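Enquirer:
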Amino acid sequence: MTGHYSRMSWRQTVVGLTAVALVACYAPTLRGMFEQWLNDEDMSHGFLVPIVMLWIVWRERARRRGLETDPNWWGFAILTAAAGLQFAGLLGAGLFAGSVALLVSVAGSVLCLGGLAWLRVLAFPLVLAIFMLPKLAVVYNQATLPLQLLASRIAAGILTFGGIGVIREGNILAVSGHRVAVVEACNGIRYLLPLSFMAVVFAYVSDSKPWMRLVLLAAAVPIAILANAVRVAAAGWVPALEGGVPHAVCGLFIFVLCVATLMLFRQLFNKVYVRYQS
Amino acid sequence: MNKLTALLLWSTLSLSLNAQISLGPTVATFGVLAGSTVTNSGPTVVTGNLGVSPGTAITGFTGIAPGGPGTVTGTIDSANATAAQAQTELTAAYNSAAGAAVTATKAGDLGGQTLFPGVYMSTSTLGITGTLTLDAQGNANAQFIFQIASALTTATSSSVVLINGANAANVFWQIGSSATLGTSSTFAGDILALSSISLGTGAVLSGRALARNGAVTLLSNTITTPAGSGGATPTPAPSTLILGAAALACIGIYQTRERLLKAFRRN
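Note that the protein sequences, when read in sequence, are chains A and B. Quick note: the first sequence uses the working numbering, first residue 1, plus one each step. Quick note: the second sequence uses the working numbering, first residue 1001, plus one each step.
Following this line, the structure appears as structure tokens:
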């Protein structure tokens, strides 16, 4: 019994020391991620991701009970690759490379200390960590303008369909004497990221089928883009919604509608799936 | 010596890149402004104000004697203080455009070309046959300034296409004499002409027709005053922290509802 407890405490010490070593090695990366969540309103949902990850780890505690530890030497290879990536990040590849290296290091450490079974159990929260990665500037910069123009185009279409006269000049909408600019912060990414995150978490808590996570993730993309255009159209249609608290409340309300749409989509998809199966 | 050359080149490039002009607040409200007369035939629609100064004659529009088929969504200003102020601001904008540092020289026909933001100068006339594409390269504030010493003439069914965030409000055509837009042509940008401006039958102008001294002649045209990015209200979405928290709250509510429903069914 004493031996079992001493083995447990030894294992916990090793895990604790590994966690401390990871934090120490990746301190600049963690600081950079924290600063981005704090300063960039496109990425501030990053604060929620670790909380949800920890909650899922806690929720899965029953699966880990009685799980044998079978340290896997491949973990060291993964740790070495992650170290190389972190080094590249420090040399100038940027915060994104360092953050990916951090995730790979955590996965490598789990493999080293616990083995493949442990990595499998912790795979979902680790995958979820992708949502807290910083912006990949190359992709973000390429996607921003097309998304802005897409939002402008759809919003102008919605207004025209509603019988409201609108003139679109690139990312500017002129509606009944006032002008609405679809700036970078209106490009839809602010809807897309939290809705995708929500879709994956929702599928996890509400559905036993792992592929449902991918289905909901795919559905979240058009829903977020369309909802963002509806938000822009609303601001164009009702000048009172252009700024301040009404604008924020409108944005939040439409997002909640998005979430409800996604939930409804899951139910409908499940019904169709069940009918198809039977 | 090399350093001095580099410095000079850099200064020229900086000046060129920083060339930004804007219309004054009064003239910006005008879709059509002439120095002598505004004449219209056919169902022309002008979005914005229409005015003339120092001349007085405006013909072919509803709302001003003797009336006509043309429509103006804004006000009609004939030789009043507003029109005079607009002319003053037009002269200022014209001079700014004429004085902008040149990035490239153009001659002949611009049709079939794709141009990036900059200041383009022509020492003679310029024409557009086919399509001229103006590519803002993702910068919605990028300006295109054309300095044309003589006339601008566009061919029948020619078009000026704006891509990658280019905005008609940021395109300026400073013309030393007159501008003539071809029948059924599509044109973008503010025409700042020293003399007259003529639009062919059915020509569509996304911009302004502003003539300092001469007449503006219209024939069943559509003129839409562009919405400049200046003054437009940005509509950012709430932060992803708020949205993410709202989404998690929704999941929580959904789960609670499911649990309660299960308990209810069990009982």
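Quick reminder that beta carbons are idealized off the backbone N, C-alpha and C, glycines included. From a predicted model like this one, the values you see are computed outputs, not experimental measurements.
Counting only beta-carbon atoms, is Met198 of chain A nearer than 7 Å to chain B?
Expert: yes
Enquirer: According to DSSP, is Ser1016 of chain B part of a helix, a strand, or is it coil?
Expert: Caution is warranted here: a pLDDT of 39 is assigned to Ser1016 of chain B, below 50, making its placement in the model unreliable, and the coordinate value is therefore given only provisionally. Helix at Ser1016 of chain B.
Enquirer: By how many angstroms is the C-alpha of Asn1167 of chain B removed from the C-alpha of Gly244 of chain A?
Expert: 27 Å
Enquirer: Would you tell me roughly how many angstroms separate the C-alpha atoms of Trp296 of chain A and Met198 of chain A, rounded to the nearest one?
Expert: The displayed coordinates of chain A run from 1 to 278. Any statement about residue 296 of chain A would go beyond what the structure contains.
Enquirer: At the level of alpha carbons, what is the spacing between Leu1210 of chain B and Ala1193 of chain B?
Expert: 6 Å
Enquirer: Strictly below 9 Å CB to CB, what residues from chain A border Ile1297 of chain B?
Expert: Nothing about residue 1297 of chain B can be reported from this structure: the residues present for chain B run from 1001 to 1267 only.
Enquirer: Comparing the C-beta of Asn1170 of chain B with each C-beta of chain A, is any distance below 7 Å?
Expert: Asn1170 of chain B does not count as touching chain A.
Enquirer: Cβ atoms of Gly75 of chain A and Gly98 of chain A: under 7 Å apart, would you say?
Expert: no
Enquirer: With a CB to CB cut of under 6 Å and the five nearest residues on each side skipped, what residues in its chain are close to Leu1033 of chain B?
Expert: Result list for Leu1033 of chain B: Gly1051, Ala1086, Leu1210, in chain order.
Enquirer: Just checking: is the beta-carbon of Cys112 of chain A within a distance shorter than 7 Å of some beta-carbon in chain B?
Expert: For Cys112 of chain A, the answer is no, since every Cβ of chain B falls outside 7 Å of its Cβ.
Enquirer: If Val205 of chain A and Gln1255 of chain B are in contact, beta carbons under 8 Å, what's the gap, nearest whole angstrom?
Expert: 6 Å
Enquirer: Examine the Cβ distances between the segment 81-92 of chain A and the segment 133-141 of chain A and report whether three or more of them are shorter than 8 Å.
Expert: no
Enquirer: Within 7 Å of any Cβ in chain A, is that where the Cβ of Thr1071 of chain B sits?
Expert: no
Enquirer: Would DSSP call Val175 of chain A helix, strand or coil?
Expert: strand
Enquirer: In the DSSP assignment, the beta strand (DSSP E) including Gln1147 of chain B goes from what residue to what residue?
Expert: Looking at the DSSP string, the run of the beta strand (DSSP E) that includes Gln1147 of chain B is 1144-1148.
Enquirer: Would the segment 1093-1109 of chain B and the segment 1064-1080 of chain B be scored as touching if the rule is three or more Cβ pairs under 8 Å?
Expert: no
Enquirer: Given that Tyr191 of chain A touches chain B, what residues does it touch there, using C-beta distances under 9 Å?
Expert: Those within 9 Å of Tyr191 of chain A in chain B are Ala1237, Thr1240, Leu1243.
Enquirer: Which bits of chain A does Leu1162 of chain B rub up against, with CB to CB less than 9 Å?
Expert: Glu169, Gly170
Enquirer: Ignoring anything shorter than 3 residues or poking outside the segment 1038-1069 of chain B, list the beta strand (DSSP E) runs there in chain order.
Expert: 1045-1047, 1049-1052, 1057-1059
Enquirer: Note down, in chain order, each residue of its chain lying with its Cβ closer than 6 Å to the Cβ of Val1045 of chain B, except the 5 sequence neighbours on either side.
Expert: Thr1071, Thr1222
Enquirer: Between which two residues does the alpha helix (DSSP H) holding Gln86 of chain A run?
Expert: 74-88
Enquirer: At a CB-CB cut-off below 7 Å, which residues of chain B make contact with Gly157 of chain A?
Expert: Identification of chain B residues near Gly157 of chain A by a Cβ-Cβ cut-off of 7 Å yields none; the smallest Cβ-Cβ distance measures about 16 Å.
Enquirer: Can you give the Cα-Cα distance for Ile51 of chain A and Leu1115 of chain B, rounded to whole angstroms?
Expert: 50 Å
Enquirer: With three or more C-beta pairs closer than 8 Å as the rule, is the segment 10-27 of chain A touching the segment 102-116 of chain A?
Expert: yes
Enquirer: Between Leu262 of chain A and Leu195 of chain A, which are expected to be in contact by the criterion C-beta below 8 Å, what is the C-beta distance as a whole number of angstroms?
Expert: In this structure, Leu262 of chain A and Leu195 of chain A form a Cβ contact; the two beta carbons are roughly 7 Å apart against a cut-off of 8 Å.
Enquirer: So, at 6 Å on beta carbons, what are the nonlocal neighbours of Gly1230 of chain B in its own chain, with the 5 sequence-adjacent residues on each side left out?
Expert: Bear in mind that a pLDDT of 46 at Gly1230 of chain B, under 50, signals an unreliable position, so the number given afterwards is only what the model happens to contain. The answer is none, since no qualifying residue turns up.
Enquirer: Considering only the beta carbon of each residue, do Ile225 of chain A and Cys258 of chain A sit closer than 7 Å?
Expert: No. Outside cutoff.
Enquirer: Just tell me which of B:Ala1079, B:Tyr1094, B:Ser1158 has its CA closest to the CA of Gly1024 of chain B.
Expert: Across the set B:Ala1079, B:Tyr1094, B:Ser1158, the C-alpha of B:Tyr1094 shows the shortest separation from the C-alpha of Gly1024 of chain B.
Enquirer: Could you pull the start and end residues of the alpha helix (DSSP H) that Tyr191 of chain A belongs to?
Expert: 189-206 is the span of the alpha helix (DSSP H), which, as asked, contains Tyr191 of chain A.
Enquirer: Hey, could you find the ends of the alpha helix (DSSP H) Glu41 of chain A is sitting in?
Expert: No alpha helix (DSSP H) contains Glu41 of chain A, which DSSP labels as neither H nor E.
Enquirer: With a floor of 3 residues, list each beta strand (DSSP E) that falls wholly inside the segment 1160-1189 of chain B, ordered by position along the chain.
Expert: 1171-1175, 1179-1181
Enquirer: Under a Cβ-count criterion, where at least 16 other Cβ atoms within 10 Å of its own Cβ denotes burial, should Phe34 of chain A be classed as buried or exposed?
Expert: exposed
Enquirer: What are the boundary residues of the alpha helix (DSSP H) that includes Ile1251 of chain B?
Expert: 1240-1266
Enquirer: Any beta carbon from chain B within less than 7 Å of Cys25 of chain A's own beta carbon?
Expert: no
Enquirer: What in chain C is Cβ-close to Gly251 of chain A, meaning under 9 Å?
Expert: Checking the listed chains, one finds no chain C in this structure; the protein chains it contains are A and B.
Enquirer: Who are the near neighbours of Arg64 of chain A in its chain, counting only those whose CB is closer than 6 Å to its CB and skipping five residues on each side?
Expert: Val121
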